[in-house]
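*Asks:* First residue of the sequence shown? That's 280 in the working numbering, and the numbers climb one at a time after it. Note that CB positions come from ideal geometry on N, CA and C, so glycine has one too. All values reported here derive from a predicted model rather than from experimental measurement. Before anything else, here's the structure in question.
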Amino acid sequence: MSPWSEPAPDAPEPVLGVKMMSNEHRADVINFTNAGERDTTVRVRIEGLPGGTNSDYVTVYEVLCVGTRRYTEVSAALPPAGRAADGYALTVPSGMTRQLWFDFHPLDVEPGVHTGELAIEVDGRQPQRVAMQMQVYPFTFPEGTTLLLSGWEYTDADTMRGVTPQNRDAFIAYLQDHLVNAPWASGSALPMGTFDEQGNYTQKPDTARFDAWVARWPGAKRYMVFVGFGNYNETKTVFAGAEAGTPQFDAKVGAWARFWADHARELGLEPGQLGLLLIDEPHNEVQYNATTAYARAIKKAAPEIIIWVDPQPHDADTPREMFSVADVLVPNRRQWLLEKPWFFEMFAQEHQMGRELGFYLCDGPARRFDPFSYYLLQQWHCFEIGGTWAGFWSFGDTGGADVWNEYTTAGGGPFAPLYLARDSVTGAKYFEAIREGVQDYEYLVMLRSRADEVAAEHPDSPAVAHARELLDTAYERVSAGEVRDLYWWHEDKDRSLADQVRIEVLEAMVGLGEL
């Protein structure tokens, strides 16, 4: 049913609920429309689910409609709902609609179908009840996710775009809770130090900034640094006074890389956990050659450092030498959606040669982007290409805006998929979509792993064949309503497709578990 349509008289009674594993997050919403002449307060209470009234594994948020720099409004912000004596309270102005978002995160609830009710009370009216249902499948979502998620948040700095000393700790906690496991630092986290002419250190780098940043992200899978030897419009071919292609350049870059690789180990990082982006979005031969020069010097001295490249190639031949020195290739997903077969084939070939793949998106400002099309589907697409990385520019980029009043902003507006104010962090539907997409990716990983296990014992099992067909067609099905790079939220499409396929994955795992 369209959200602008009234329910038909014979429509089934609505059910507020989710189907999920233990230890993951899934959500549902309910709208309240006030057709009366006066503002009213709605009080709600969750009853009947395991854990008692207002169970602590269900968190309730009020959905706020906030204006954007483009003079449209989006219902995306998710501050905690107001509390009432025995539940939650929501003010609904006359003639308006308000929405509550219910985040389910069961940890120790027994598998099965659990039913309850949402009790709704308004002064002067008969109480109403909406059925609630939480189906917990007999699986536990893992503590660590396979997909490497990042967003150039640069929390090594005290102040960087929207990150401030007042919000940084809460911001990091929010990102960690939303499955970000490959944080980024700026190049200032890896200073060069000073060298003599032969490339020997005369003063080693100060490690304080890097150390503090790593300490803020305990347990991250990767620690990524954009060292800033160039960006889309700039290329630096001189390092500590030495020109690329000279022995002095190789010696100095190598000494710098070896120092930081050794220091990372001293902090407890494993080989392969420290990764570098050398030149952002290399897209021409000058940048390809510079990236190659830096990468070769680094790899010769410190092969355990990961070379991560976000290329924007325009032909299939020129970037190949650069690709050969990279560990990870993460193209822009928008370019992928618009390009021709040579583009896909090139990255498939590199993947076959051992390069890790992924996608990133940097379109924006992003307030009007569809959480489903822009933020959730990228993770499904990553699985489709065999990718293990997903990134979004940028979790911390507010575009200099007051996120609660973007109309006064001089620039285009925020890219950040949340409401990052100077002294507060408020979640948003955009980031909930990112997290759900990462969880969906993990579902596919779990199904693939289980299918492979069962196939070893039952190679002709129909359940295995069904699981593999589901894996092969998953992205095609969930993206069936998409048109290239049209991410606008106002587009009419079926946004339930991912949930439909996700639930089929759950059922397929149940079927495999019976063998």
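Since residue 802 sits in a beta bridge, which residues does DSSP pair it with?
*Replies:* Nothing in the structure corresponds to residue 802, since the chain is present only between 280 and 794.
*Asks:* Count the other CB atoms within 10 Å of the CB of residue 728; is the residue buried (16 or more) or exposed (fewer)?
*Replies:* It is exposed - the Cβ of residue 728 has fewer than 16 other Cβ atoms within 10 Å.
*Asks:* If you check the beta carbons only, do residue 570 and residue 558 fall under 8 Å apart?
*Replies:* Yes, the pair counts as a contact, with Cβ atoms nearer than the cut-off.
*Asks:* When you compare each of 501, 767, 389, 535 to residue 426 by their alpha carbons, which one comes out closest?
*Replies:* Comparing Cα positions, the closest option is 501.
*Asks:* Relative to the alpha-carbon of residue 504, which residue among 285, 573, 489 has its alpha-carbon at the smallest distance?
*Replies:* Comparing Cα positions, the closest option is 489.
*Asks:* Looking at the unbroken alpha helix (DSSP H) that takes in residue 829, where does it start and where does it end?
*Replies:* Because the chain spans 280 through 794 in this model, residue 829 falls outside it and cannot be assessed.
*Asks:* Between the C-alpha atoms of residue 394 and residue 331, what's the straight-line distance to the nearest angstrom?
*Replies:* In a straight line, the C-alpha of residue 394 is about 12 Å away from that of residue 331.
*Asks:* Is residue 577 near the ligand FMN, in the sense that its beta carbon is under 7 Å from a heavy atom of that ligand?
*Replies:* This structure does not include the ligand FMN; it has no bound ligands of any sort.
*Asks:* Starting from the C-beta of residue 587, find all residues in its chain whose C-beta is less than 6 Å away, skip the five residues before and the five after it, and write them out in chain order.
*Replies:* 554, 556, 607, listed in sequence order.
*Asks:* What residues in its chain sit with their C-beta under 7 Å from that of residue 396, if we drop five residues either side in the sequence?
*Replies:* These residues qualify, in order along the chain: 326, 327, 408, 409, 410, 411.
*Asks:* According to DSSP, simplified to helix, strand and coil, what is residue 396?
*Replies:* It is a strand residue.
*Asks:* Return the Cβ separation of residue 784 and residue 723 in integer angstroms, given the expectation that the two are a contact with Cβ distance under 8 Å.
*Replies:* Their Cβ separation, rounded to whole angstroms, is 7 Å, which keeps residue 784 and residue 723 in contact under 8 Å.
*Asks:* For my contact list, residue 360 and residue 709 are in at a C-beta cut-off of 8 Å; report their separation, rounded to the angstrom.
*Replies:* Wrong, their Cβ atoms sit about 19 Å apart, outside the cutoff.
*Asks:* Evaluate the contact criterion for the stretch 661–668 versus the stretch 621–640: three or more CB pairs, one atom per stretch, below 8 Å.
*Replies:* Cβ pair count under 8 Å is three or more, so yes.
*Asks:* Tell me, please, which residues DSSP counts as bridged to residue 340.
*Replies:* Looking at the DSSP assignment, residue 340 forms a beta bridge with 359, 380.
*Asks:* Distance check for residue 715 and residue 438, CA to CA, integer angstroms please.
*Replies:* Taking the straight line from one Cα to the other gives about 29 Å.
*Asks:* Given that a residue counts as buried once 16 or more other Cβ atoms are within 10 Å of its Cβ, and exposed if not, what is residue 712?
*Replies:* Counting Cβ neighbours within 10 Å, residue 712 comes out buried, since at least 16 surround it.
*Asks:* Does residue 413 come out as helix, strand or coil in the three-state DSSP assignment?
*Replies:* Reduced to three states, the DSSP call for residue 413 is strand.
*Asks:* With a 10 Å radius around its C-beta and 16 neighbouring C-beta atoms as the bar for buried, classify residue 379 as buried or exposed.
*Replies:* Residue 379 comes out buried.
*Asks:* Per DSSP, residue 365 is paired with what?
*Replies:* DSSP lists no partner for residue 365.
*Asks:* Quick one: measure Cβ to Cβ for residue 686 and residue 346, integer angstroms, because I've assumed they're closer than 8 Å.
*Replies:* Contact holds; Cβ gap of about 6 Å.
*Asks:* Could you check the C-alpha separation between residue 562 and residue 782 for me, to the nearest Å?
*Replies:* Rounded to the nearest angstrom, the two C-alpha atoms are 40 Å apart.
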